[in-house]
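Asks: Sharing a structure, written as structure tokens. Questions coming.
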Amino acid sequence: EGGMERHAYDVVVVGAGGAGLRAAIAAHEAGARTAVVCKSLLGKAHTVMAEGGIAAAMGNRWPEDNWEVHFRDTMRGGKMLNNWRMAQLHAQEAPERVQELEDWGALFDRTDDGLISQRDFGGHKYARLAHVGDRTGLEMIRTLQQRTVQLGIDVFMECTVTDLLKDPSAGSGQAGAIAGAIGYWRESGRFITFDAPTVILATGGIGKSFKVTSNSWEYTGDGHALAMRAGASLINMEFVQFHPTGMVWPPSVKGLLVTESVRGDGGILRNSEGERFMFNYIPEFFKAETADTIEEADRWYDDKKNNRRPPELLPRDEVARAINSEIKAGRGSPHGGIFLDIASRRTPEFIRKRLPSMYHQFKELADVDITAEPMEIGPTCHYVMGGVEVDADTQESAVTGLYAVGECSGGMHGSNRLGGNSLGDLLVFGKRAGEAASAYAAGLGDARPTIAEDDLKAAQASALAPFEVEGGENPYTIQHDLQQSMNDLVGIIRTGSELEESLREIEVFKERAKTMVVEGHRQYNPGWHLAIDLRNMLIVSEAIAKAALAREESRGGHTRDDFPKTDHEVWGTKNLVVTLNADGTGVDLHDKPLPVMPDELKKYFD
Ligand code: FAD
């Protein structure tokens, strides 16, 4: 392509969700020439969909709350597989990051004393989620976006990054360091290159690899795959969070999220026999802090000091498994879910004020009035704990100049993420990554890594390959089959034989993808875009299935029917690490000891 569009920056951020925008703001404020690239319109990132809130131990409702309690909750929620340093930094810095959002104009709901209101969520000992009704992500994105635009940071929207580029020249001293990225404009199909010594991946999750998901079309694991192809590693990929409450009806909206705030605000789960069944599913690990009678559970909402929390507010993995078991045992709702009831527990005024989006969502999509009748809900693929392995303090990956932050990074949440801890994660580590990347770029002086022309040509040829095929298969059918296969074989309850079958199926999908064909031209061509995304979805799906097969225990978001116990001795001390294999056709797996927690933090887990 003659005269390709080309730009030079110090820091290129891929992704304009909370993580990407916060990173870009930090990089810009540290003096770096910064660009944000995102594949949809600015403001449309996944973060906008976040409902419940941002977890931060501000102590506004419960003065007893502090970073130590938040740290402990996060580690226990992740079943101790979290990177302790990330969990610590997150708990310590989240309050400041929320306060800063307010300074930048975010309007949070208030307590009676005029402080930022904080609501209850599963796994958090105290009411801790700063929120704006059930539309917190919208306010967060609005605030960060406004600041990004005010600061004059360059934004390239509807522009998809397809490859990262590294300096290949052995003599330059920069060999193997990030030199830039290449992508295409979705509208024109034309390529664009960024020359930059740092790239911050903030591309979000992988949910579109599963059929039933709360995630949007953008979640195809691009950052995960880009990082692996550049030589970085992923950790914790076997841990996928299935949120307990997604809509199950009508079919067109199956998987759409029903916020955990419904339970935080008093909603309970019932089976078809009307039984409040969560009391039957309290695991040993959480017995001491969970109410075992309805009376105590109900008293907790008003008196948290003298009562233990309701079992509906156990961490998500526990609740999702319980719902799954009730449905399997034949006690499900008419459309294959379970009942979530807030109507019989709170006044219509309370429900409409606290949960306005949920009220409208059910009214408009399912013709259900949640102030008068129960909702039908079931588990839905929601979040990936796994992601790019990074340094806890800087978010840098194993590749010099490559950083990852937000949902596409790994480690912070261990085997299971607590609700509200993602939005906090985006802010805390977004800022850290932006600062670290700009400091590294500034230190380079004129000795910058450079992109090789051959690599640029190869990246373009690879992106255009589907146009060269004649008579092959359409990417939509492959995507459809992959989603079904992941849902059926790598879903909420797993077994060795099904995981082996899924890996065999993924090999077949990979073969089929070699000859997939796209129709038409490069101008706005969704079929072509999907063909490019599908490469990423396939490699990421393989990473998930392979890690899930290797981990022969159940923990957090990973449940093995054939290994139902949590095996602390063998599996509680190590992470599974995934890298691209030598010929780039699949993934390799090895394990790595967990970073050792210092004694002064160990004391919280006696
Ligand atoms: P995103 O916000 O998804 O942003 C990803 C960005 O990357 C987008 O701009 C996208 O265009 C861009 N991108 C992706 N690939 C490419 C590419 N190849 N080239 C260029 N750009 C690319 N968490 C909480 O803590 N509290 C909540 O209350 C909460 N509620 C949720 C409700 C719903 C319905 C969902 C789905 C999630 C919720 N979560 C919540 C989780 C949380 O919202 C996400 O984990 C978080 O927003 C992810 O932010 P991010 O910045 O990492 O990615």
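Position one of the sequence shown corresponds to residue 20 (the UniProt record's numbering), numbered consecutively onward.
All residues carry an ideal CB built from backbone N, CA and C; glycine is no exception.
Report the partner residues of leucine 421 according to the DSSP bridge assignment.
Replies: Beta-bridge pairing links leucine 421 to Val218.
Asks: Would you be able to state if there are at least three C-beta pairs under 8 Å between the segment 23-37 and the segment 156-169?
Replies: yes
Asks: Would you kindly report the start and end of the unbroken alpha helix (DSSP H) that includes glutamate 106?
Replies: With the sequence shown as reference, residue 106 is identified as alanine, and glutamate is not the correct amino acid for it. Alanine 106 -> alpha helix (DSSP H) spans 103-122.
Asks: For residue 693, count neighbouring C-beta atoms within 10 Å of its own C-beta (all shown protein chains included) and say buried if the count is 16 or more, exposed if not.
Replies: This structure cannot settle anything about residue 693, because the visible part of the chain is limited to 20 through 625.
Asks: Classify glutamine 542 as buried or exposed, calling it buried when 16 or more other Cβ atoms lie within 10 Å of its own Cβ.
Replies: exposed
Asks: Pull up the DSSP beta-bridge partners for residue 626, would you.
Replies: Nothing can be reported for residue 626: it is not among the residues displayed for the chain, which extend from 20 to 625.
Asks: Identify every residue that forms a DSSP beta bridge with glutamate 24.
Replies: Ile211.
Asks: For glycine 539, which of Tyr422, Asn493, Ile44, Glu572 has the nearest alpha-carbon?
Replies: The residue among Tyr422, Asn493, Ile44, Glu572 with its C-alpha nearest the C-alpha of glycine 539 is Asn493.
Asks: With DSSP as the reference, label isoleucine 512 as helix, strand or coil.
Replies: Note: isoleucine 512 maps to coil in three-state DSSP.
Asks: Would you say aspartate 241 touches ligand 1, meaning its beta carbon is less than 8 Å from a heavy atom?
Replies: yes
Asks: Under the rule that 16 or more other beta-carbon atoms within 10 Å means buried, what is serine 23, buried or exposed?
Replies: Inspection of the sequence shows that residue 23 is occupied by methionine rather than by serine. Answer is exposed; the Cβ neighbour count stays below 16.
Asks: How is glycine 142 classed by DSSP in three states: helix, strand or coil?
Replies: coil
Asks: Which residues in the same chain as isoleucine 346 place their Cβ atom closer than 8 Å to its Cβ, once the five residues preceding and following it in sequence are excluded?
Replies: Gly355, Gly356, Ile357, Gly397
Asks: Can you name the residues that DSSP bridges to tyrosine 402?
Replies: Gln260
Asks: Determine the burial state of isoleucine 313: buried for a count of at least 16 other Cβ atoms within 10 Å of its Cβ, exposed for fewer.
Replies: exposed
Asks: Can you tell me where the beta strand (DSSP E) with lysine 476 in it begins and where it stops?
Replies: Lysine 476 -> not in any beta strand (DSSP E); alpha helix (DSSP H) instead, spanning 472-487.
Asks: Looking at residue 630 and ligand 1, is the gap between the Cβ and the nearest heavy atom below 8 Å?
Replies: The question about residue 630 has no answer here: the residues shown for the chain are numbered 20 through 625.
Asks: Taking 8 Å as the cut-off, does the segment 548-566 touch the segment 522-540 (at least 3 CB pairs, one atom from each stretch)?
Replies: yes
Asks: If you check the beta carbons only, do glutamate 279 and glycine 438 fall under 9 Å apart?
Replies: yes
Asks: Would glutamate 20 be called buried (16 or more neighbouring beta carbons within 10 Å of its own) or exposed?
Replies: At glutamate 20, the pLDDT of 49 sits below 50, so the modelled position is not reliable; the number obtained from the coordinates is stated separately. Exposed, because fewer than 16 other Cβ atoms sit within 10 Å of the Cβ of glutamate 20.
Asks: Report yes or no: do three or more beta-carbon pairs, one from the segment 383-396 and one from the segment 242-259, lie closer than 8 Å?
Replies: When Cβ pairs closer than 8 Å are counted between the two stretches, the segment 383-396 is seen not to touch the segment 242-259, the count staying below three.
Asks: Does ligand 2 have a heavy atom nearer than 8 Å to the CB of histidine 65?
Replies: In the structure shown, ligand 2 is absent; the only ligands present are ligand 1.
Asks: Got a sec, what are the start and stop residues for the alpha helix (DSSP H) alanine 46 sits in?
Replies: 37-48
Asks: Measuring only the C-alpha atoms, how far is threonine 167 from alanine 42?
Replies: Between threonine 167 and alanine 42, the C-alpha separation is close to 10 Å.
Asks: Measuring straight from C-alpha to C-alpha, what distance separates valine 418 and glycine 195?
Replies: 7 Å
Asks: Starting from tyrosine 203, follow its DSSP beta bridges and name the residues at the other end.
Replies: Paired residues: Thr179, Phe210.
Asks: Are the beta-carbon atoms belonging to isoleucine 201 and threonine 181 less than 9 Å from one another?
Replies: yes
Asks: Figure out for me which residue from Glu517, Tyr203, Gly72, Arg25 has the closest Cα to the Cα of leucine 483.
Replies: Tyr203
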